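Same order as they appear, the protein sequences are chains A and G. Heads up: the first sequence begins at -2 in the numbering used here, then just goes up one per residue. Heads up: the second sequence begins at 2 in the numbering used here, then just goes up one per residue. Here the structure is laid out as structure tokens; the discussion comes afterwards.
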Amino acid sequence: MSQEKTIRTTTDVDSLRSEIRDKSVRVIDVRREDDYKQSHIPTAVNLPLANLLSDDSPERVLKLVNSMGISDDTSVVVYDDTFGALASRVAWTLEYLGHSDVSLLETTFSKWKSLGLENDNKTPEVQTTNHSIHLKPEILATSNYLETSKDKPSVILIDNRERLNFLEQHIPGAISLPYRTLATSDKILRPKEDMKRLLDNRGITGNAEIITYCGSVGTLSGLAYYALKSVGLPNVKLYVRSFKEWKNLQKPTEKQQDANYWDLSAE
Amino acid sequence: MTVSDLKQAYPDSPKPKINWARIDEAEDFANTVKLFRQGKYDEDSFRRYRLQHGAYGTRMTSDYAMVRIKLPAGEIYPNQLEKISQLSEQFSIGNAHFTTRENIQLHWVILEDVSEIFRGLAEVGLTSREACGNSVRNVMCSPLAGVCPNEEFDSTPYALATARFFLRNPLSQNLPRKFKFTFTCCEKHGMVRMVDVGLIPQTRDLNGITQRGFKIFLGGGLGNKSFVGHQLEEFTPEEDLLHTSIAVIRIFDRLGDRKNMARNRMRYLVHEMGWEKFRNLVLKERAIVRATQSVITRLDVDHTPTVIKRLIKISDESGSQNPDGYNRWIKTNTLKQKQSDYNSVFITLEAGDITSSQISALAAIIGEFSSEGLARSGFAQNIALRYVHDDDMTRLYSRLLEVGLAKSGALTMAAPIGCSGTTSCNLALTNSHRLAKEIQRKFLELKLDQDDDLCDSSIKISGCPNACGQHGIATIGFFGGGARIGKEMYPNYQMSIGGRSDEETMLGATCHRIPAKRVIPVILKIIELFKQNKKPDDTLKEWIHRIVNGKEDSAIKSVLDMRKILDPLTIPPTIEEDPDFYNDYGSDSSYHTKTGKGECAA
Ligand code: SF4
């Protein structure tokens, strides 16, 4: 049971509802404060992504985690209204801190509401906790790390931005897997078998070391991080500062030559 | 319970009647790509396989493919559009392209993802099988078939039955070259003399009974060398439709040129053999087919009448004024149907392009406004919504306006056709796609779409001599090439005038070479000359028709006269005077031609 709990990537709607009833879960809503105040999933606390990103050093994250009443063994479920990308970035941050029991709600808040499921505007009382720190550097890629490892044959670098952005400019050697590919029309991630087949076709399999990145802060690539985890790929890293940092550091980039479809359709 | 499929999309709108897909082809494709990447499948056989399944190569790269989705008879249902919108976001570049042959193309698809697109298509009954390669390509039908006031009867069921008969049929898997059928509604809406087999419905009276049949045209086609099709016989009764098609394909299969790639379309065979001889062969072969085919080989023509059901009946009677641009749109984008109170509404796209969110919006709009519950892809990179009730037109306009699909000029000269050109085609020399958009913008800005004198004319542009942009049948047509002055190259177009595709189908006459950045001024100049010299009731099309046929008596009597007047506009400036002249549209770096291997012939 507990083992199953720790490896789950997403939590389905029914499980979350019963865990809320059992008070055995801490739900984090990562939308903006205003949206949260209007309505949210019962018992959820609010951690707007922007708030986290203003300083995501481990010390600060630890404070946030404690203020949300999360202890080492608390089961955490994160949701957003942005196809799971913002939630993924928050979940990954918790994981990096050393909190392994964290998963994503399988759907978005809009969808939750449209199904007629419970929501309210009460802010829960929270008991401050005392979480430990066990950083997991093996799930983080920095620009230096990426630069030295990206050309190794055992490393797969994945760009999760839209195809047009990729064609225009990307990190040399990256392959394109747009974040839209990962979802279905009502869930933030494809069913496992579906996802496996898709990744298999693209040669994203086995024991390769996989690094994901996106445009700026690791949200779209955060979702991809969980997509890859959902099929059990063991060695996935998030290049959390992503392409924005890469470009600021003036590191080399690549583009698709001799065709110009994107400048037409991007209009 | 988990959240899945709780909401059924468009529960009320009709579902596709025909399933064109086979799900096992998706898996097979995925496996074949893997074998190919592992080097276990040679380049040539893989290319043939890929094309047969509807995936083209992409300009200058083997990593990407273009998937061409067939819409037999142009029919597309809301759930299919919704799926295409999704696939485009997931696996392509967030838009799709409507072609002149009633296909929808998704570009820049990673080859390894193509099978996922096949899977998605199969969920909604669509296929790209035999959309490329040497097979029977998408069977087209006029977007007005069934509603055209001039037609004898609706040819749609015959087009669908023909498509069904030949799809995956061994007879048409390995032809000398691609093979195209087009059904139309009437002579005026035409397009049947520029295709391998073109068919116009007609009826005759036989002992007091009305008999259905077709006027069949064979051996036409546009390309590096274009030919106008010949009419097989006075009247081909409907029972003979399939026999005739089989006979023609068998002859082509047997006698078509399999060696010379540039001359292996059927029109060359007809041309070399001579029409009379070819015609006799077809008639003989047809007699054999008729005598030897078992009775079960017949076209499965579905005559179930279309259900016409108007979903909403809240007409807009708020008394408010018509929205801005409404009258212009009514004039240039809509046609009255033969069914009273109903209209066909054409949606203008820019050279066939539409974004995935527009596709998704369109799916909802069709469900709401088309009383037949589906849309038809048109002959001109556009989309037709039919059976829209008079009382719903204002609301439909407003809805289209909201999603940027209410551009006027769909049925006028202001909706030029442009093939994909350098945006993705391996053979392209110029960016014909972008040029078409630039012309459209200029025409709409100058409100030329409202000019009655211009509305039956057309502009069509190909990015190379291969004529996918159908330049040969345009009132003003262009195909791309490079030109050089000293060391510098600039994009250039060969212009022809006077082409048409109706009952007087003819190819345009070569007129001049026009630099890309001069195309718009030249078109406007021609319009100006026309206005100066026209007769009171003239249209541009008629005026040019007289010029190319030597029947005009005003200042411009011949193509040569036209050429001389346009001369000054075609002289290149130096690169210092006008550096932009040397760049193609959509590019800010200096122009050079660069092509890869063509796949049409593969
Ligand atoms: S006309 Fe030429 S450039 Fe245009 S699509 Fe055809 S082959 Fe390509």
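Ideal placement from N, C-alpha and C gives every residue a C-beta, glycine not left out. Treat the numbers as computed from the prediction; the structure is a model and nothing was measured.
Nonlocal neighbours in the same chain, by C-beta distance under 8 Å from S262 (chain A), ignoring five residues either side: At S262 (chain A), the pLDDT of 34 sits below 50, so the modelled position is not reliable; the number obtained from the coordinates is stated separately. Excluding sequence neighbours, S262 (chain A) sits near L161.
Chain G contact for P150 (chain A) (CB, 8 Å cutoff): no
Neighbour-count burial assignment, R238 (chain A), 16 or more Cβ in a 10 Å radius: So R238 (chain A) counts as buried.
Coil, strand or helix - H593 (chain G) by DSSP: coil
Any non-hydrogen atom of the ligand SF4 closer than 7 Å to N344 (chain G) Cβ: It does not: the Cβ of N344 (chain G) is nowhere closer than 7 Å to a heavy atom of the ligand SF4.
Outcome for G551 (chain G) when other beta-carbon atoms lying within 10 angstroms are tallied against a minimum of 16: exposed
The segment 60 to 69 of chain G contacting the segment 353 to 363 of chain G, beta-carbon criterion three pairs below 8 Å: For the pair of segments examined, the segment 60 to 69 of chain G was found not to touch the segment 353 to 363 of chain G: the number of CB pairs separated by less than 8 Å stays below three.
Contact set between Q441 (chain G) and chain A, taken where Cβ atoms lie within less than 8 Å: Those do not exist, as Q441 (chain G) stays about 13 Å from chain A at its closest Cβ, beyond 8 Å.
W109 (chain G) at chain A interface by Cβ criterion, 8 Å: yes
Contact test: G353 (chain G) Cβ vs the ligand SF4 heavy atom, cutoff 7 Å: The ligand SF4 never approaches G353 (chain G) closely enough for any of its heavy atoms to be under 7 Å from the residue's Cβ.
Collapsed DSSP secondary structure at R86 (chain A) in the structure displayed: It is helical.
One or two residues paired with C142 (chain G) in a DSSP bridge: G:F184
Residue-level contact to chain G via CB, S100 (chain A), 8 Å cutoff: no
Check: L428 (chain G) C-beta below 7 Å from any heavy atom of the ligand SAH: No copy of the ligand SAH appears in this structure; the ligands present are the ligand SF4.
Within chain A, partners of A31 (chain G) - CB distance below 9 Å: Within chain A, the residues whose beta carbon sits less than 9 Å from that of A31 (chain G) are R194, D197, N198, listed in sequence order.
Cross-chain neighbours of F92 (chain G) in chain B, by beta carbon under 9 Å: The structure shown contains no chain B; its protein chains are A and G.
Beta-carbon contacts of A376 (chain G) that lie in its chain and below 6 Å, excluding the five residues immediately before and after: I77, I367, I384, L386
Interface flag, S182 (chain A) vs chain G, CB-CB below 8 Å: yes
Any chain A beta carbon closer than 8 Å to E113 (chain G): yes
Near the ligand SF4: G483 (chain G) beta-carbon under 7 Å from a heavy atom: no
Neighbour flag for S116 (chain G) against chain A, beta carbons, 8 Å: Yes, S116 (chain G) lies at the interface with chain A (some Cβ there is under 8 Å from its Cβ).
Per DSSP, cross-strand counterpart(s) of L219 (chain G): G:V198, G:H231
8 Å CB neighbourhood of P188 (chain A) in its chain, flanking five on each side removed: T181
Neighbour-count burial assignment, M414 (chain G), 16 or more Cβ in a 10 Å radius: By the neighbour-count criterion, in which a residue is buried when 16 or more other Cβ atoms sit within 10 angstroms of its Cβ, M414 (chain G) is buried.
H108 (chain G) - containing beta strand (DSSP E), residue span: 104 to 111
Nearest-angstrom Cα separation, counted from G215 (chain A) out to T178 (chain A): Per the coordinates, the alpha-carbon of T178 (chain A) lies some 17 Å from the alpha-carbon of G215 (chain A).
T356 (chain G): first and last residue of the uninterrupted beta strand (DSSP E) it sits in: Looking at the DSSP string, the run of the beta strand (DSSP E) that includes T356 (chain G) is 354 to 356.
Which of helix, strand or coil DSSP assigns to I462 (chain G): strand
Residue-level contact to chain A via CB, Q87 (chain G), 8 Å cutoff: yes
Y76 (chain A) versus S140 (chain A): straight-line alpha-carbon distance, rounded: About 28 Å.
Nearest to D156 (chain A) (by Cα), restricted to the options A:K184, A:W89, A:K234, A:L246: A:K234
Separation of F37 (chain G) from P306 (chain G), as counted between CA atoms: 46 Å
Residue of A:E103, A:T104, A:W89 minimising C-alpha distance to S97 (chain A): A:W89
Per-residue DSSP class, three states only, for T3 (chain G): Note that T3 (chain G) scores 43 on pLDDT, short of 50, meaning its location in the model is unreliable and no value can be drawn from it.
Closer than 7 Å: N467 (chain G) CB and nearest the ligand SF4 heavy atom: Yes.
Given 8 Å, three or more beta-carbon pairs between the segment 206 to 214 of chain A and the segment 129 to 148 of chain A: yes
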